[in-house]
Amino acid sequence: MAKKTRIVIIGAGMAGITAANKLYNSISSSNLFELCVVEGGSRIGGRINTSEFGGDRIEMGATWIHGIGGSPIYKISQEINSLESQKPWECMDGFSNQPKTVAEGGFELNPTIVDPVNTLFDNLMDYAQGKLIESADKLDFYNLASRAFKSCCTTRNGVSDQLSVGSFLSQGLNAYWDSMKDDQEELKLKGYGTWSRKLLEEAIFAMHENTQRTYTSAGDLLTLDFNAESEYQMFPDEEITIAKGYMSVIEHLASVLPPGLIQLGRKVTNIEWRTEVEQQSIVMENGHGSNSRPVKIHFCDGSTMLADHVIVTVSLGVLKAGIHQDSGMLFNPPLPTFKTEAISRLGFGVVNKLFLQLSDRKGDDDDNNLEKFPFLQMAFHRPDSELRNMKIPWWMRRTASLSPIYKKSNVLLSWFAGEEALELETMSDEEIVEGVSTTISSFLSQPHKKLESNSHELCTNGKASEVKFTKVLKSKWGNDPLFLGSYSYVAVGSGGEDLDSLAEPLPKSTGSDSCESNGGSSSIPPPPLQILFAGEATHRTHYSTTHGAYFSGLREAKRLLQHYHHYVGIN
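Here full-length UniProt numbering is used: the first residue of the sequence shown is 1, the next is one more, and so on.
Right, dumping it as structure tokens:
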């Protein structure tokens, strides 16, 4: 009896579980394949990890369905009734449309200062993403963004292929200030301490840049490629969170798989595969090609597993570590140059979430008590400014907001990216509480309320209640050896072609299945589709998302099914 083809999927995150689900559902009746998922951790889900904190359901990793129009994640969530829950959950009331923007020192900012900068930033990002149309109502912003783009290209000798989002945004803010020069006198401010209008506008703009850092995982927007922004695709309509948690989607996809198909605690240390050189060596030794499975997987406990096909769904962070000698090569022989260069060029950043539980305050059930903690947007002085509060720690200064995870929740959430996110991972709960408390003190302990008139003057309205925290919970994606980061981005110097290269299976197809080459001499090519790649970083237009990972898992499952279509009837 002929042996079954063995397919091993490395990683039980969204991509791996989706691939397993598709393969199992397609082949369970054909009995042609032997399917196995190996996962290095103690749970399934990968960068999806639903948890609880302070009585609320929260997400330690993936949080949002980015647009419900056409999203497969939304469709699955609907089908399994995961969009409703009796238990409160993170961001259950969506994005706050009533944020309180406060400048360092406790100055609550008037919308007449904040709104123009918000609009400017949104329009600049729309331009970068190819969504800003040259229409009558947007003409001023379109022209301003165009000037900023041309200015960036001018500084680079007319070449835009190395342009970053950070440099474009910087030029956009400068172009905005240039356009407002004639109005500066009438726009002068009073009542904001040492803050000038320009410093406030710069701080508000930086606040949006810091939010963008968490959206993209680029620790520095100067490393985020400008041209790739217009290729990235978003689903239309609103963005929502999943009431029963993102894990409910993963658990649903995994529920069809029989017990034992997913093996936990099986960390892969090395993947041996056959290139044409290895194949010819086998032919030379045996006089024919080997009938053995071409891929050998080594695990950290010393055990091994043979496979005909392996779908690798590990993060780009793990792949980056796996192509360097000093951290141990993941592949043997090493990956081909086109693959390692793509892995090296693409960006993979760290984003972490910090949850803090507020202690109960007396009178919280009283409608007349002090209002609950606001959706706080923080406008900081520059890190090198002499005007800054020296007591605020550096790792808090690029945090855009601190807010309840939904109205009336006593759990606060803040997002961190880059160096600040990595620093957060090394700190004790006590250090975190001290740093956050010091920051909040600067912003809220002497709250300034706007006067009821049209004046920009602010007045002090007494002392706020002291904010105390009882518990802290943080994600630690950067130093987790199974991930080594959060999600991918297209870095300056890379492009969509690198995402495609990362997705290409090995050995690389020659475009012909013929065994004849080199002028008719006999040659036995290596077995095809030994190593396939899936995961969010392998999707050209939906990288960094769970639906991108989902699509990639389907893609690689279908690739294998198509390869065996004459057996399983897949077209």
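Glycine included, each C-beta is placed from N, C-alpha and C at the ideal position. Being a predicted model, the structure only gives us computed values, none of them experimental.
- C-alpha of P111 to C-alpha of T269: approximately 55 Å in a straight line.
- Boundaries of the alpha helix (DSSP H) around T337: T337 to R345.
- The criterion of a C-beta distance shorter than 9 Å is satisfied by V350 and G418.
- Pairing F443 with L499 gives a Cβ-Cβ distance that is not under 9 Å.
- For the pair F373 and P404, the CB atoms are nearer than the 9 Å cut-off.
- Within 10 angstroms of the beta-carbon of H565 lie fewer than 16 other beta-carbons, which makes it exposed.
- Taking all protein chains shown into account, T101 has 16 or more neighbouring C-beta atoms within 10 Å of its C-beta and is therefore buried.
- The DSSP-derived three-state label of G349 is strand.
- In this structure, I10 and V256 do not form a Cβ contact; the two beta carbons are roughly 20 Å apart against a cut-off of 8 Å.
- Looking at the DSSP output, V38 sits in a beta bridge with I10 and Q263.
- Counting only runs of at least 3 residues, the region 395 to 454 fully encloses the following beta strand (DSSP E) elements, listed from N- to C-terminal order: 401 to 404, 411 to 417 and 448 to 450.
- Cβ-Cβ distances below 7 Å link I80 to S248 and H252 in the same chain, with the five nearest sequence neighbours on each side left out; the list follows chain order.
- For R197, the uninterrupted alpha helix (DSSP H) run begins and ends at R197 to T216, by DSSP.
- With 16 or more other CB atoms across the displayed protein chains lying within 10 angstroms of its CB, C152 is buried.
- Residue nearest to G322 within the set P481, R47 and A307 is P481 (criterion: CA-CA distance).
- In the structure shown, V472 adopts extended strand secondary structure according to DSSP, grouped into three states.
- Look at Y489 here: in three-state DSSP terms it is strand.
- Check the Cα spacing between A379 and each of A15, A19, M390 and V114: the tightest is with V114.
- When the Cα atoms are used, H208 and A136 turn out to be separated by approximately 26 Å.
- According to the DSSP assignment, S167 belongs to the alpha helix (DSSP H) that extends over V165 to S179.
- Out of K267, I68 and I240, the CA that lies nearest to the CA of D93 is found in I240.
- Per DSSP, S135 lies in no alpha helix (DSSP H) segment and is marked neither H nor E.
- E104 sits in coil when the DSSP states are folded into three classes, being neither helix nor strand.
- For R57, the enclosing beta strand (DSSP E) starts and ends at D56 to E59.
- Here DSSP, grouped into helix, strand and coil, assigns M305 to strand.
- Check the Cα spacing between F355 and each of N123, K87 and C91: the tightest is with C91.
- Counting along the chain, no alpha helix (DSSP H) covers F95, and no H or E run does either.
- Comparing C-alpha distances from L560 to each of A19, V117 and Q279 shows the shortest one belongs to A19.
- Looking from the CA of W415, the closest CA among S409, S428, W395 and D429 belongs to W395.
- Checking the DSSP bridge columns, you'll see H298 partnered with N270 and T304.
- Note: I323 is not bridge-paired with any residue in the DSSP secondary-structure output.
- In this chain, the alpha helix (DSSP H) harbouring F551 covers T546 to H563.
- By the criterion of a C-beta distance shorter than 8 Å, E202 is surrounded in its chain by L173 and R382, once the five residues flanking it on both sides are discounted.
- Between F348 and A62, the CB-CB gap reaches or exceeds 9 Å.
- Judged by DSSP in its simplified three-state form, V249 adopts helix.
- Distances from the alpha-carbon of S509 to those of L529, G435 and G493 put L529 closest.
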